[in-house]
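Note sheet for the following structure.
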Amino acid sequence: MLDGLLGRRFSSKCKSLIKITKTRIDAIRRKRNAMQKFLKKDIADLLANDLDTNAVLLCLVVQQAQGLIIELNHSSCYDFVEQFCGCISKHLSIMQKQRECPEECREAVPSLISAAARFADLPELRDLRHILTEKYGNSLESFANQEFVEKLASKPPTTDKKLQLLRNIAQEFSIKWDSKAFEQKIYNPPASAHVSL
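The numbering of the sequence shown is the numbering used here, which starts it at 1 and goes up by one.
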């Protein structure tokens with residue numbers, strides 16, 4: 001009987017925290033989408049200028065591209081969190097009855113536990129981490145989604161990723177831009193204007 005009561009408490013707490021988290025993610029996503037739109041437009045404006053003669057603009061567009069890639073990676077992490085919340089929500093009745101973490105949630109549980117420390121704007125994740133850790137411990141760490149973990153690590157994007165993003169933006173905004181010449185400047189800059197990526 002006590003297990004039944006604790007199980008219902010586990011289920012209702014998780015359900016409530018997941019619902020609030022999803023609502024927060026929706027609001028955050030709207031803000032981030034607006035920011036990404038602004039950054040893309042800013043980069044498009046820079047690409048439309050004559051980058052061949054201006055090393056300062058060249059550096060600026062590369063920095064903006066890096067910032068946008070980091071922003072896009074972080075936004076995709078919110079998508080992961082939402083998916084993991086959905087998985088747990090879908091399997092709460094099984095989780096409530098079993099002591100062991102169900103196979104279907106073995107990736108979602110440790111991923112959300114690790115996300116709790118990295119998303120200050122989703123405070124409910126900390127409470128969810130406490131509940132999940134209390135129930136399953138830290139034995140599931142190795143099952144965390146590796147793509148999610150890598151995106152959370154936020155390593156600086158490669159030069160190739162930055163160039164591909166710039167090509168995509170130029171195409172999206174119908175900007176005639178010589179990406180090959182830009183690439184040459186990046187990889188073989190004149191001695192007077194070294195561009196670091």
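In this text, a Cβ means the ideal position worked out from N, Cα and C, and glycines have one as well.
Bear in mind the structure is a predicted one, so any value in this text is a computation, not a measurement.
Neighbourhood of serine 76 by C-beta, 8 Å cutoff - its chain only, sequence neighbours within 5 removed:
Taking the first residue of the sequence shown as 1, we reach residue 76 at position 76. Within the same chain, serine 76 has close Cβ partners Lys151.
At the level of alpha carbons, what is the spacing between histidine 130 and tyrosine 136?
Position 130 of the sequence shown, counted from the start, is the residue given in the question as residue 130. Position 136 of the sequence shown, counted from the start, is the residue given in the question as residue 136. Distance between the alpha carbons of histidine 130 and tyrosine 136: 10 Å.
Cβ-based burial, serine 154 [other Cβ within 10 Å; buried from 16]:
Here residue 154 is taken as the residue at index 154 of the sequence shown, counted from 1. Around the beta carbon of serine 154, fewer than 16 other beta carbons sit within 10 angstroms, so the residue counts as exposed.
Is the beta carbon of alanine 108 closer than 7 Å to that of phenylalanine 80?
Within the sequence shown, the letter at position 80 stands for residue 80. Within the sequence shown, the letter at position 108 stands for residue 108. In this structure, phenylalanine 80 sits away from alanine 108, with a CB-CB distance that is not shorter than 7 Å.
Using only the alpha-carbon positions, how far apart do cysteine 14 and leucine 47 sit?
As a working note, residue 14 is residue 14 in the sequence shown. As a working note, residue 47 is residue 47 in the sequence shown. Distance between the alpha carbons of cysteine 14 and leucine 47: 47 Å.
Every unbroken beta strand (DSSP E) within the stretch 94-173, with a cutoff of 3 residues, ordered by chain:
Note on the stretch 94-173: there is no whole beta strand (DSSP E) run with a minimum of 3 residues.
What's the gap between the Cα of leucine 140 and the Cα of leucine 132?
Numbered from 1 along the sequence shown, position 140 holds the residue referred to as residue 140. Numbered from 1 along the sequence shown, position 132 holds the residue referred to as residue 132. Taking the straight line joining both Cα atoms gives about 10 Å.
Which residue comes first and which comes last in the alpha helix (DSSP H) that contains isoleucine 175?
For the purposes of this step, residue 175 is taken as residue 175 along the sequence shown, with counting starting at 1. Unbroken run through isoleucine 175: none, as it is neither H nor E.
Where alanine 44 and alanine 65 are concerned, what is the direct C-alpha to C-alpha distance, given to the nearest angstrom?
Along the sequence shown, one-based indexing puts residue 44 at 44. Along the sequence shown, one-based indexing puts residue 65 at 65. Going from the Cα of alanine 44 to the Cα of alanine 65 covers about 10 Å.
DSSP on asparagine 73, reduced to helix/strand/coil?
Locating residue 73 in the sequence shown gives position 73, where the first residue counts as 1. DSSP, reduced to helix, strand and coil, places asparagine 73 within a helical segment of the structure shown.
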